Amino acid sequence: MLQSKMKIASLGIAAALLLGLYSFSNNDRYFAISKNLDLYAHLYRVMHDSYVDEVQSAELMKQGIDGMLKSLDPYTNYITESQIAAARLRQLGSPGDIGITLEKFKDNFVITEVLEGLPADVAGFEPGDVLLEIDGQEVKDRSLEDVQAYLVGEVGSDILLTVEKAISEESFTKNILREKIPPKSVTYKTMLNDEIGYIKLTSFTADCGKFVKEAFKALKDSSDLKGLVFDLRGNGGGLLREAIRIGNIFVDEGELIVSTEGKTEDWNKEYFGQEDPLDLTTPVIVLTNGRSASASEIVSGVIQDHDRGVIMGTNTFGKGLVQNVRELELDFQPKGTNKPRLKLTVAKYLLPSGRCIQSIDYSGRYTDGVSEVPDSLKKEFKTKAGRTVYDGSGVTPDVKFDTEDLPRYTEFLREEKIIFQYANYYKSKNESIAPAEEFEITAGDFADFVSWLDKEEVQFKSETERLLEALEKSAEIEKYAPVIEQDIEEVKSTMKSRNAEFANLQKAEILPLLKEEIVSRYYYQEGKVEATLRDDKLVANAIDLFGKPDEMKAILSVN
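With my numbering, you'll find the sequence shown wraps up at 621, consecutive numbering, no jumps.
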């Protein structure tokens with residue numbers, strides 16, 4: 063009986079959709095949509111009637127919708143009523159947070175940073191812990207952006223989190239209250255020398271524009287400031303309104319900061335500076351890398367397009383898509399209940415020059431499937447002074463300086479979070495370390511790290527080993543494997559457990575990464591910056607450029 067009712071209900075919904083579409087328009091486009099909806103309803107009915115096992119109607123529909131949206135881009139998601147009830151979505155006027163940074167790694171949501179003194183820190187959460195559930199709902203199948211949004215809500219509201227500890231792998235659940243993030247948690251400021259100031263912004267949370275302005279003003283008031291290094295490396299973005307506010311610190315009121323362009327007129331908008339700028343003359347160098355995304359790209363792009371400062375580092379991530387969350391008005395939805403929502407990509411960001419920074423083509427226009435926009439199809443645009451910039455590849459630095467071009471073994475240790483995991487192990491064995499500015503990795507520490515690599519059976523697959531595997535497969539196909547089998551095994555035996563050799567050969571590249579991760583476990587974000595600033599090659603390069611005003615001026619001019 064229940065199955066029959068479900069069948070009638072789904073047919074009724076499909077019929078209503080079809081009638082609605084037919085009444086809306088009879089053109090070819092809507093005819094095609096109607097035809098496909100009819101096909102979908104027919105398949106849905108057949109599965110319910112004939113599939114060997116009982117079909118879970120809601121789950122089947124959710125998976126179908128998720129699969130459909132996944133084909134568009136990673137940022138478009140369907141959010142069910144139960145998910146809305148279980149997790150509060152980001153609200154522009156509700157800047158409460160718990161103080162963690164997440165990263166999705168091998169299908170797990172790993173806490174990579176905990177902000178000092180905030181709810182997650184007080185509750186005992188640590189870097190390396192894996193987030194399992196929010197308010198009793200599993201997060202493993204959600205996007206990183208959605209999970210981050212669920213963590214944000216009204217100040218004083220509570221949230222129930224279940225995590226698995228990094229070292230013990232035991233899980234525990236804590237109910238914690240959201241708090242307002244203090245300025246210190248998202249900005250760090252200091253003087254690099256008597257004349258050059260430094261500000262690092264870690265995320266575009268509520269009020270961060272005010273924090274950056276206050277930090278910049280404090281540096282100006284306390285010194286004879288001749289230049290500012292504005293560090294956006296690793297900043298994955300956040301609120302658009304804060305990107306506009308920060309852009310307005312450096313460019314004049316009334317100047318275009320960013321615009322959006324969508325399929326409908328509603329999303330063709332322009333955003334201008336609304337306030338008097340704090341500073342239009344102090345030379346600025348913005349540091350970027352491949353993890354500078356979204357709002358970070360808007361700010362660095364604004365400064366570049368208005369020729370206000372020099373961008374230095376590597377290309378930014380290239381996220382130029384705008385999402386909008388809308389409630390779905392459904393006739394069968396009971397009044398007073400949570401309405402399902404659709405987070406939909408509705409527009410593209412355009413920088414003041416008119417270029418879009420989106421670097422991945424999710425539409426498949428250029429090749430089959432997801433691809434980078436090819437260089438041959440990237441278009442030229444002009445900055446305010448007439449310098450040439452390009453679309454389709456994030457923000458390209460005026461001065462390219464890659465400090466992250468690491469040897470393969472070191473890159474493997476970083477990308478696979480081996481160094482990250484060792485820092486957790488180190489913290490479990492050492493209650494305290496020297497102050498952040500004084501701490502160094504000793505010979506004993508490095509030897510312990512190498513020993514730990516073997517104990518954890520860390521296996522680095524070199525290019526030689528990859529070629530050996532390819533050779534083995536080829537030999538099997540061509541039926542001469544017995545002839546070379548012994549030779550391959552001899553080469554393989556020499557490649558086993560080479561951690562000590564690789565690590566010692568690349569010790570100079572590994573040490574700074576070890577130091578940064580270990581210090582962050584004891585002195586949080588501020589300590590990490592303090593410990594690494596003096597050895598930061600990109601910062602040193604920025605200081606050097608400030609000492610060459612003619613060269614900096616030439617970079618910002620047409621010729």
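The C-beta atom is built at its ideal place from N, Cα and C for all residues, glycine as well.
Keep in mind the model is a prediction, meaning the values are calculated, not measured.
Spatially closest choice to residue i from the options, by CA coordinates
i	options	result
residue 293	243, 279, 221, 348	348
residue 184	191, 176, 190	176
residue 488	189, 110, 288	189
residue 424	459, 339, 380	380
residue 596	612, 112, 578, 473	578
residue 309	336, 298, 323	336
residue 603	273, 571, 548, 375	375
residue 222	229, 230, 201, 231	201
residue 524	573, 474, 539, 512	474
residue 297	289, 350, 133, 279	350
residue 230	490, 329, 560, 502	490
residue 164	212, 262, 124, 127	212
residue 575	562, 503, 104	503
residue 452	262, 420, 472	420
residue 530	480, 283, 553	553
residue 245	328, 179, 208	179
residue 232	480, 192, 416, 263	192
residue 59	518, 437, 461, 276	Nothing in the structure corresponds to residue 59, since the chain is present only between 63 and 621.
residue 354	117, 106, 262, 220	262
residue 493	98, 173, 584	584
residue 173	114, 482, 240, 290	482
residue 342	278, 121, 378	278
residue 280	265, 295, 251	251
residue 495	418, 532, 582	582
residue 477	616, 167, 133	167
residue 467	97, 249, 352, 601	352
Alpha-carbon to alpha-carbon, residue j and residue i
i	j	result
residue 543	residue 551	11 angstroms
residue 227	residue 314	48 angstroms
residue 534	residue 236	51 angstroms
residue 515	residue 498	25 angstroms
residue 204	residue 388	18 angstroms
residue 13	residue 268	Nothing about residue 13 can be reported from this structure: the residues present for the chain run from 63 to 621 only.
residue 10	residue 311	What the structure shows of the chain is the stretch from 63 to 621, and residue 10 is not part of that stretch, so it cannot be assessed.
residue 160	residue 508	34 angstroms
residue 286	residue 253	10 angstroms
residue 87	residue 101	Below a pLDDT of 50, predicted positions are generally treated as unreliable, and residue 87, at 46, falls in that range; no measurement from the model is reported.
residue 136	residue 210	14 angstroms
residue 170	residue 93	42 angstroms
residue 485	residue 225	19 angstroms
residue 409	residue 382	9 angstroms
residue 384	residue 274	24 angstroms
residue 580	residue 340	37 angstroms
residue 501	residue 214	35 angstroms
residue 80	residue 392	Any reading at residue 80 must be qualified, since the residue scores a pLDDT of 46, below 50, and its modelled position is unreliable; the value itself is stated next. Answer to the nearest angstrom: the Cα atoms are 14 angstroms apart.
residue 450	residue 363	13 angstroms
residue 112	residue 99	20 angstroms
residue 548	residue 564	25 angstroms
residue 110	residue 117	6 angstroms
residue 601	residue 594	10 angstroms
Contact set for residue i: own chain, Cβ-Cβ below 7 angstroms, skip 5 residues either direction
i	result
residue 131	138, 139, 140
residue 390	401, 402, 403, 404
residue 678	Residue 678 is absent from the model: the chain starts at 63 and stops at 621.
residue 612	none
residue 302	357
residue 271	304, 307, 308
residue 562	512
Residues near residue i by beta carbon distance below 8 angstroms, same chain, minus five either side
i	result
residue 447	369, 618, 619, 620
residue 566	512
Same chain only: Cβ atoms within 6 angstroms of residue i, ignoring 5 sequence neighbours per side
i	result
residue 599	465
residue 330	323
residue 462	none
residue 416	443
Residue i Cβ short of 8 angstroms to the ligand FAD heavy atom set
i	result
residue 243	In terms of ligand content, the structure shown is empty, and the ligand FAD therefore cannot be addressed.
CB-CB length for residue i against residue j, believed under 8 angstroms
i	j	result
residue 412	residue 322	7 angstroms
residue 614	residue 361	About 19 angstroms; that fails the 8 angstroms criterion.
residue 445	residue 510	Residue 445 to residue 510, Cβ: 51 angstroms. No contact.
residue 522	residue 471	6 angstroms
residue 469	residue 571	6 angstroms
Check whether the segment 595-610 and the segment 254-272 are in contact - that is, three or more C-beta pairs closer than 8 angstroms. yes
Say whether the segment 189-205 touches the segment 447-461, bearing in mind that this needs 3 or more beta-carbon pairs closer than 8 angstroms, one atom from each stretch. no
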